[in-house]
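Visitor: Numbering (the working numbering), first residue to last: 300 to 705. Each residue gets a CB set at the ideal place from its N, CA and C atoms; glycine is no exception. None of the values given here were measured: they were computed from a predicted structure. The structure that follows is given in the form of structure tokens.
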């Protein structure tokens, strides 16, 4: 490998894409094309980066399997950063196997990290943990160790294991400073802010206050009966009753939980659950039916009794009932939680991440755009959506996988 290629590679490894381009910008041989592609990716021009990497992969000969595999890994990273979740994961797995086979353990570890980051992004935490099981980052360079610890921290944050998350972030920060790559250090610091940003609100006995992730973890480990409005479930005594697909029942449960230990008038329940301004006889009849259904769903956790003016929720064993609510109430909160990462998303990638249909996602995006909460650029398949981070927005508890195993 000639000296310019070596110098360009070193510049990229330290986060200096302009320094790399000064050495290879006018060259069209395969190694130079690959390095130019990586440099353009670091500068944020993903379209040009992908084109250069594809050209490099074609330019490498049939005996240069390792070089082609490295191009695949670079393409996969661009796909992840640009939120192209439809990129073929099997291609990355094959590239990782090739790199392992030929002894390029550093790039193979990077490929594994990308696989796990994608799984984390779409909420497949169990599979992400299985992929990481037994992996020891100690022998690898500081940048690789920092990337690994960031993934470990991400999984711990989604699991609400805050002590493990802080420990992983501390290791990531140490490794990032050792690597001396400003962009990596900034990424670690940005993730660390999640730990010190309100993630939810606690509503209890008519009062509310913000909660940090540690406080959410402590709340869910307590003996309280928690009406969880971040996941639309009711938690208590080691049991979880999901009402995610039954919005009327959850609206009733939340309203009753917010009022505990007092009862709730029928008119209030009708307004919260059905949107009715006045409770007529048909509303009252429907309310009785839905209350009966809710009573059946929560029978192992709480009693639902009628009072003179309405209904009251009483825990069977828990000392109290509390409501865990997002810091910001928003109809499309889950979608905004993804968009708040500052990256640009396609509607198809959001559909994959949310587990929703493309049509549903497109309608939601149009509603958010009409309200001025998101903006798009590009057209057709190249159209992307993004929004600036919203202060205090619950980007963790609303993402897939968060709290799921708690």
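#1: Using CA atoms only, rank isn't needed, just tell me which of 573, 326, 314 and 343 is closest to residue 354.
#2: In this structure, how does DSSP classify residue 481 when only helix, strand and coil are distinguished?
#3: From 506, 534 and 505, pick the residue whose C-alpha is nearest to that of residue 516; which is it?
#4: Please list, in chain order, all residues of the same chain as residue 367 whose beta carbon is under 6 Å from its beta carbon, the five residues on each side excluded.
#5: If the criterion is Cβ atoms closer than 8 Å, does the pair residue 455 and residue 445 meet it?
#6: Mind pulling the beta strand (DSSP E) runs of 3 or more residues that sit fully within the stretch 595-650?
#7: So, helix, strand or coil for residue 441, using DSSP?
#8: Counting along the chain, where does the beta strand (DSSP E) carrying residue 364 start and finish?
#9: DSSP three-state call for residue 560: helix, strand or coil?
#10: Would you mind listing the alpha helix (DSSP H) stretches within the stretch 405-461 that are 4+ residues and don't spill past its ends, in chain order?
#11: If you draw a straight line from the alpha carbon of residue 654 to that of residue 540, how long is it in whole angstroms?
#12: What is the rounded straight-line gap between the Cα of residue 582 and the Cα of residue 529?
#13: Measuring CB atoms only, is the stretch 616-625 touching the stretch 590-597, in the sense that at least three cross pairs come out at less than 8 Å?
#14: Would you list the one or two residues that DSSP bridges to residue 506?
#15: Let's see if you can read the secondary structure: which residues bound the alpha helix (DSSP H) around residue 525?
#16: Check whether the Cβ atoms of residue 610 and residue 603 sit closer than 8 Å, and answer yes or no.
#17: Could you pull out every residue in the same chain whose Cβ sits closer than 6 Å to the Cβ of residue 684, ignoring the five residues on either side in sequence?
#18: Evaluate residue 316 with the Cβ neighbour count: other Cβ atoms within 10 Å of its Cβ, from every protein chain shown; 16 or more gives buried, anything less gives exposed.
#19: When you compare the CB positions of residue 441 and residue 472, do they come within less than 8 Å of one another, or not?
#20: Tell me the DSSP secondary structure of residue 656 in three-state form.
#21: Indicate whether residue 373 and residue 340 have their beta-carbon atoms separated by less than 8 Å.
#22: Expressed to the nearest angstrom, what Euclidean distance is found between the alpha-carbon atoms of residue 447 and residue 388?
Guide: Well, looking at it:
#1: For the purposes of this step, residue 354 is taken as residue 55 along the chain shown, with counting starting at 1. It is 326 whose Cα lies nearest to the Cα of residue 354.
#2: Indexing the chain shown from 1 puts residue 481 at position 182. Residue 481: helix per DSSP, three-state reduction.
#3: One-based indexing of the chain shown puts residue 516 at position 217. Considering only alpha carbons, the answer is 534.
#4: As a first step, residue 367 must be located in the chain shown, where it is residue number 68. For residue 367, where only same-chain residues beyond five positions count, the Cβ hits under 6 Å are 356 and 359.
#5: Sequence index remark: in the chain shown, residue 455 carries index 156 (1-based). Sequence index remark: in the chain shown, residue 445 carries index 146 (1-based). Going by C-beta atoms, residue 455 is not nearer than 8 Å to residue 445.
#6: 601-605, 609-614 and 620-624
#7: Working through the chain shown from its first residue, we reach residue 441 at position 142. Helix at residue 441.
#8: Locating residue 364 in the chain shown gives position 65, counting from the first residue. Careful: residue 364 lies outside any beta strand (DSSP E), inside the alpha helix (DSSP H) at 364-380.
#9: Numbered from its first residue, the chain shown carries residue 560 at position 261. DSSP places residue 560 in coil when its eight states are reduced to three.
#10: 424-431 and 441-457
#11: Position 355 of the chain shown, counted from the start, is the residue given in the question as residue 654. Position 241 of the chain shown, counted from the start, is the residue given in the question as residue 540. Their backbone Cα atoms lie some 20 Å apart in a straight line.
#12: For the purposes of this step, residue 582 is taken as the residue at position 283 of the chain shown. For the purposes of this step, residue 529 is taken as the residue at position 230 of the chain shown. Cα to Cα, the separation comes out at about 27 Å.
#13: no
#14: Taking the first residue of the chain shown as 1, we reach residue 506 at position 207. DSSP output for residue 506 lists 503 as bridge partner(s).
#15: Working through the chain shown from its first residue, we reach residue 525 at position 226. Here residue 525 belongs to no alpha helix (DSSP H); instead the beta strand (DSSP E) covers 524-527.
#16: Reading the chain shown from its first residue, position 311 is the one you call residue 610. Reading the chain shown from its first residue, position 304 is the one you call residue 603. Cβ distance < 8 Å, so residue 610 and residue 603 count as in contact.
#17: The residue you call residue 684 lines up with position 385 of the chain shown. 644, 664, 673 and 675, listed in sequence order.
#18: Residue mapping note: residue 316 aligns to position 17 of the chain shown, counting from 1. With 16 or more Cβ atoms within 10 Å of its Cβ, residue 316 is classed as buried.
#19: Numbered from its first residue, the chain shown carries residue 441 at position 142. Numbered from its first residue, the chain shown carries residue 472 at position 173. No. Outside cutoff.
#20: In the chain shown, residue 656 corresponds to position 357, counting from 1. In the structure shown, residue 656 sits in coil (DSSP, three-state: anything other than H, G, I, E or B).
#21: On the chain shown, position 74 is the one that residue 373 refers to. On the chain shown, position 41 is the one that residue 340 refers to. In contact: residue 373 and residue 340 (Cβ atoms closer than 8 Å).
#22: Against the chain shown, residue 447 aligns to sequence position 148. Against the chain shown, residue 388 aligns to sequence position 89. Near 19 Å, if we compare the C-alpha coordinates of residue 388 and residue 447.
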